[in-house]
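Student: In this note's numbering, the protein residues as written are -14 to 498.
1) Could you tell me the alpha carbon to alpha carbon distance between residue 47 and residue 490, rounded to whole angstroms?
2) DSSP three-state call for residue 139: helix, strand or coil?
3) Going by DSSP, what residues sit across from residue 235 in a beta bridge?
4) Alpha carbon to alpha carbon, how far is residue 38 from residue 115? Give it in angstroms, no decimals.
5) Buried or exposed: which applies to residue 189, given that a residue is buried once 16 or more other Cβ atoms fall within 10 Å of its Cβ?
6) Buried or exposed, going by whether 16 or more other CB atoms sit within 10 Å of the CB of residue 130?
7) Give the straight-line distance between the Cα atoms of residue 437 and residue 310, rounded to the nearest whole angstrom.
8) Just to confirm, is the Cβ distance from residue 247 to residue 21 under 9 Å?
9) Helix, strand or coil: which one does DSSP assign to residue 316?
10) Start and end of the beta strand (DSSP E) containing residue 408?
11) What number of angstroms, rounded off, separates the C-alpha of residue 201 from the C-alpha of residue 307?
12) Out of 455, 348, 165, 65, which has the shortest C-alpha to C-alpha gap to residue 405?
13) If you compare alpha carbons, which of 268, 482, 256 is closest to residue 348?
14) Among 262, 413, 443, which has the Cα closest to the Cα of residue 469?
15) Could you tell me the distance, in whole angstroms, from the CA atom of residue 227 to the CA atom of residue 177?
16) Please report the residue range of the alpha helix (DSSP H) in which residue 164 lies.
17) Taking DSSP as the reference, what is the three-state secondary structure of residue 126?
18) For residue 212, which beta-bridge partners are listed by DSSP?
19) Excluding five sequence neighbours on each side, which residues of the same chain lie with their C-beta closer than 7 Å to the C-beta of residue 290?
20) Would you be able to state if there are at least three C-beta pairs under 8 Å between the segment 125 to 143 and the segment 71 to 87?
21) Between the Cα of residue 292 and those of 304, 388, 286, 282, spot the shortest distance and give me the residue it belongs to.
22) In or out: residue 265 buried (at least 16 other Cβ within 10 Å) or exposed?
23) For residue 72, which option in 242, 110, 148, 221 has the closest C-alpha, if you only look at C-alpha atoms?
24) Residue 154 lies in the beta strand (DSSP E); which residues open and close that run?
25) Which partner residues does residue 82 have in the DSSP bridge list?
26) So, residue 30 versus residue 168, is the Cβ gap smaller than 9 Å?
27) Within 8 Å, do at least three Cβ pairs link the segment 456 to 463 to the segment 225 to 240?
28) Using the DSSP secondary-structure output, state which residues sit across from residue 347 in a beta bridge.
Okay, structure coming up:
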């Protein structure tokens, strides 16, 4: 472990040396373009501008800028009225009737009506649209009905306590008349229209995406006239662009750069919780294998010093986890739970009880999206308790294909993004027997998930998810590494607070001071 930490220290020194060579910066209230413009450098390319089709990572960057939803999330992740002014839920939880705000317009001037809401849901459900949101609604929504221009009702096949969160996170509204006039579903992504605070201007693939303020927006107008997303994949190049005054704000600041940038005059560095657990996904449903045994899974957790990894590998950017349900969720968090104690002796004892007194040999996939040092540190800790782990680092795209099709076993480092601020998202996706990113099954958890799925009372959902979190903790469902944080750096003259507890970028109220 000392050798690894030494290597990391050298890496930090090299990063500082790089930053020292950056040209003199033009920060502290000096915009890259002008005070009507914000240039935001992003580390990941935006590939598809159809908010109903794009993968979550794409829409997280531009979705809230361009599109509206019936209900939306506040800064803490609570749902609140947006295009809809209120909702009435039937006693059996099978009907949601929304009253729409009057005077809402799309970017082309068309009025937003109930017909557009109905069309937006039905477009998502059509297989030919190829919507990534379809799985969240196709087995849930029975029909969508309208009454006049300002009332729309969704009839469900079953009660779903997270339906309002799904509406806020996934039902981006598009104009029926305009979208139907296009020759193909794909054509919309070339010239998209929404009703959000910014309207699309142009996209230069691999370079930039430009928006203008929509002065016809029904809500509070942004404090700038133009928003430019500039694609800069390399973290060091994004830092360079910020320091030289080419951009005003950057995302995905590498942990190794945080301390240096915080000490830079004219800069603000903000690390915010993403509401996402970073953990080792365990393929525990393969009978006869070590990970199928609870004692082994618990041994892997007790054999890892997550606090030291956060400090030495992630440079303090993170927080120990107590459950697979992130501490930044607005409900479902058991605050009495404690992180697994680092206890190598206990870990060895548990391995012996499981029938592996000498440990065992295993493999772990690590995508290029994670620091290689993180995976190496995990393997180094486990080696001290007898678990000899071969780390297989592969490109993110290749890893994603494997991880999405249950082929990243026997274990892999995985992040689970928060898209709807409801714990059912990570739990059903990564801790249920039918989860897309789960190879784990626990009858007690399945029973609790079914109860939570149908429960609409928030207080009761809170208690159910707390119980799920405790059950998963006691069963060693995954190896908990850290609460994931996103770190941004910006000109100190820019007034902007990143969204907490989510991967979504909220630039609705950004302005120059």
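Glycine included, every Cβ here is placed at the ideal spot set by N, Cα and C.
Tutor: A quick look at the data gives this:
1) On the chain shown, residue 47 is found 62 positions in, with the first residue counted as 1. On the chain shown, residue 490 is found 505 positions in, with the first residue counted as 1. So the two alpha carbons sit approximately 7 Å from each other.
2) Numbered from 1 along the chain shown, position 154 holds the residue referred to as residue 139. Three-state result, residue 139: strand.
3) As a working mapping, residue 235 is identified with position 250 in the chain shown. Residue 235 is bridged to 26, 474.
4) Here residue 115 refers to the residue found at position 130 when the chain shown is read from its first residue. Here residue 38 refers to the residue found at position 53 when the chain shown is read from its first residue. Between residue 115 and residue 38, the C-alpha separation is close to 6 Å.
5) In the chain shown, the residue the question calls residue 189 occupies position 204. Taking a 10 Å sphere around the C-beta of residue 189, we find fewer than 16 other C-beta atoms and assign the residue as exposed.
6) Here the question's residue 130 lines up with position 145 in the chain shown. When all chains shown are included, residue 130 counts as exposed.
7) Taking the first residue of the chain shown as 1, we reach residue 437 at position 452. Taking the first residue of the chain shown as 1, we reach residue 310 at position 325. Their Cα atoms are separated by approximately 14 Å.
8) Here residue 247 corresponds to residue number 262 of the chain shown, with the count starting at 1. Here residue 21 corresponds to residue number 36 of the chain shown, with the count starting at 1. With a cutoff of 9 Å on beta-carbon distance, residue 247 and residue 21 are scored as not near each other.
9) Within the chain shown, numbered from 1, the residue matching residue 316 stands at position 331. The three-state secondary structure of residue 316, taken from DSSP, is coil.
10) Indexing the chain shown from 1 puts residue 408 at position 423. If you look at residue 408, you'll find it isn't in any beta strand (DSSP E); DSSP assigns it neither H nor E.
11) What you label residue 201 is simply residue 216 of the chain shown in a count that begins at 1. What you label residue 307 is simply residue 322 of the chain shown in a count that begins at 1. So the two alpha carbons sit approximately 45 Å from each other.
12) Stepping through the chain shown from its first residue, residue 405 is reached at position 420. A check of alpha carbon separations from residue 405 across 455, 348, 165, 65 identifies 65 as the nearest.
13) Here residue 348 refers to the residue found at position 363 of the chain shown. Relative to the Cα of residue 348, the nearest Cα in the group 268, 482, 256 belongs to 268.
14) Stepping through the chain shown from its first residue, residue 469 is reached at position 484. Among 262, 413, 443, the Cα nearest to that of residue 469 is on 262.
15) Along the chain shown, read from residue 1 onward, the residue named residue 227 stands at position 242. Along the chain shown, read from residue 1 onward, the residue named residue 177 stands at position 192. Each residue's Cα considered, the two are about 29 Å apart.
16) For the purposes of this step, residue 164 is taken as the residue at position 179 of the chain shown. Judged by DSSP secondary structure, residue 164 falls within the alpha helix (DSSP H) whose first and last residues are 161 to 165.
17) Indexing the chain shown from 1 puts residue 126 at position 141. Of the three classes helix, strand and coil, the one that applies to residue 126 here is strand, per DSSP.
18) As a position in the chain shown, residue 212 is number 227, starting the count at 1. DSSP output for residue 212 lists 23, 196 as bridge partner(s).
19) Indexing the chain shown from 1 puts residue 290 at position 305. Once the five neighbours on either side are set aside, the close Cβ partners of residue 290 are 327, 366.
20) The segment 71 to 87 and the segment 125 to 143 touch, with no fewer than 3 CB-CB distances between them shorter than 8 Å.
21) For the purposes of this step, residue 292 is taken as residue 307 along the chain shown, with counting starting at 1. Ranking the options by Cα distance to residue 292, first place goes to 304.
22) One-based indexing of the chain shown puts residue 265 at position 280. With 16 or more other Cβ atoms inside 10 Å of its own Cβ, residue 265 counts as buried.
23) Walking along the chain shown from the start, residue 72 turns up at place 87. Taking only the C-alpha atoms, the option nearest residue 72 is 148.
24) What you label residue 154 is simply residue 169 of the chain shown in a count that begins at 1. Segment 148 to 155 is the alpha helix (DSSP H) holding residue 154; no beta strand (DSSP E) there.
25) Numbered from 1 along the chain shown, position 97 holds the residue referred to as residue 82. Answer by DSSP bridge pairing, in chain order: 73, 138.
26) Against the chain shown, residue 30 aligns to sequence position 45. Against the chain shown, residue 168 aligns to sequence position 183. Between residue 30 and residue 168, the gap from beta carbon to beta carbon reaches 9 Å or more.
27) Taking 8 Å as the limit for Cβ pairs, the verdict is that the segment 456 to 463 does not touch the segment 225 to 240.
28) Residue 347 sits at position 362 when you count from the first residue of the chain shown. In DSSP, residue 347 forms a bridge with 374.
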